[in-house]
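Mapping the sequence shown onto this note's numbering, position 36 (from 1) lands on 93, and the numbers just tick up by one.
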Amino acid sequence: MKILSVSTATNHLSVALNEDKKIIVEKNEHDERNHSEHLDPLINEILVNNNLKLKDIDRFAVAIGPGSYTGLRIGITTVKMFASILKKDVVGISTLKALAASCSDQKSLIVAGIDARNDNYFAGAYIIDSAGKLVNVIPDGHYHIDTLLNAVHDYLEQSKYAKLIFIGSGFNKQGKLIKDLHVPFTYGTADQNVVHAGIIGKLALDEKAVDPDKLLPRYLRRTQAEVDWHKKTGKPFGPDSNYVEEV
């Protein structure tokens, strides 16, 4: 199965072509903010260099969040359009799961996160089970660092895991609080700490395809636009999908 995968969730842009679990090629741009200008050329470059056309792709995959509101929409809109027009499979992958999947340590609790400022993080924790599958054990969410580390502490208390690895952005400034857990820990490498489309492609191989129209971003917190919409309409907050579909 040929899978074309995209991540525009952060300031790191990544596009990859996978053949089943093998990463054929991955293209990355670091610290760029203009994903809308660079995404299509990267996709085209990968296709041309591999003598492929979009119609030759069997499945499209994309990081659906958390992440940059604008960035997520760019990637998701692009793959939705491809999948809808070409009548191909499309899969959404948690940005945090993609980060966690860069770690292969079965003896550590993997905490994946994206700095959301003011000591807040989009984060979740994962383990690799005996079958080699990545399992989400602390749900992806929007956490203050104290709440996140309390959840980590509670999980460690009732599990066999005695080590931690923090993958993603912003955790290195929380070293003092992390040390208070009194558990050996490490940080991810520079390569692990960014989202890779090739990993998204690997994860997408085992995921169930969805209707392109139902592929929506997972922000994990209210956008300012949604807050303003609530104030204007007086309608209660519901799932992100209700708001996204209405506007």
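Note that the Cβ used here is the ideal one computed from N, Cα and C, for glycine as well.
Cut-off 7 Å between Cβ atoms - residues of its own chain near residue i, not counting five sequence neighbours on either side
i: Ile256; result: Ala155, Ala158 and Ser159
i: Val194; result: Ala182, Tyr183, Ile184 and Tyr212
i: Leu262; result: Met58, Ile60, Asp77 and Lys78
i: Tyr178; result: Gly170, Ile171, Asp172, Tyr200, Ile202, Leu205 and Gly227
i: Leu260; result: Ile150, Lys154, Ala155 and Ala158
i: Val192; result: Tyr183, Ile184 and Asp186
i: Glu102; result: Lys84
Residue i - DSSP class collapsed to helix/strand/coil
i: Leu99; result: helix
i: Ala316; result: Residue 316 lies beyond the residue range present for the chain, which begins at 58 and ends at 304; the question has no answer from this structure.
i: Leu260; result: helix
i: Ser298; result: Its pLDDT being 43, under 50, Ser298 is placed unreliably by the model, and the measurement read from it follows with that caveat. Correct three-state label for Ser298: helix.
i: Leu166; result: strand
i: Val105; result: helix
i: Asp237; result: coil
i: Ser216; result: coil
i: Glu122; result: One point to set straight first is that residue 122 is Gly, not Glu, in the sequence displayed. Strand, per DSSP.
i: Ser159; result: coil
i: Asp270; result: helix
i: Asp172; result: strand
Range covered by the beta strand (DSSP E) that runs through residue i
i: Tyr178; result: Asn177 to Ile185
i: Thr243; result: Phe242 to Tyr244
i: Tyr200; result: Leu191 to His201
i: Val147; result: Asp146 to Ser151
i: Ser226; result: Element bounds for Ser226: n/a, residue is neither H nor E.
i: Leu61; result: Lys59 to Ser64
Counterpart residues of residue i in DSSP-defined beta bridges
i: Asp113; result: DSSP output for Asp113 lists no bridge partner at all.
i: Val82; result: Leu74
i: Leu205; result: DSSP output for Leu205 lists no bridge partner at all.
i: Leu277; result: DSSP, once it has assigned bridges, lists no residue as partnering Leu277.
Close beta carbons around residue i, own chain, < 8 Å, minus the five adjacent residues each side
i: Ile222; result: Cys160, Asp162, Ser165, Leu166, Ile167, Val168, Phe242, Thr243, Tyr244 and Gly245
i: Pro196; result: Gly181
i: Leu234; result: Ile202, Asp203 and Leu206
Residues near residue i by beta carbon distance below 6 Å, same chain, minus five either side
i: Leu129; result: Ala66, Gly122 and Pro274
i: Glu264; result: Val148
i: Ile100; result: Val72
i: Ser93; result: Ile131
i: Tyr218; result: Leu166
i: Asp146; result: Arg116 and Ala266
i: Ser62; result: Ala73, Ala118, Ala254, Ile257 and Gly258
Boundaries of the alpha helix (DSSP H) in which residue i is found, first to last residue
i: Leu143; result: Tyr126 to Leu143
Query raised in the report: Can you find at least 3 beta carbon pairs, one from the region 133-148 and one from the region 109-117, that sit closer than 8 Å?
Result: Yes: the two stretches touch, three or more of their Cβ pairs being nearer than 8 Å.
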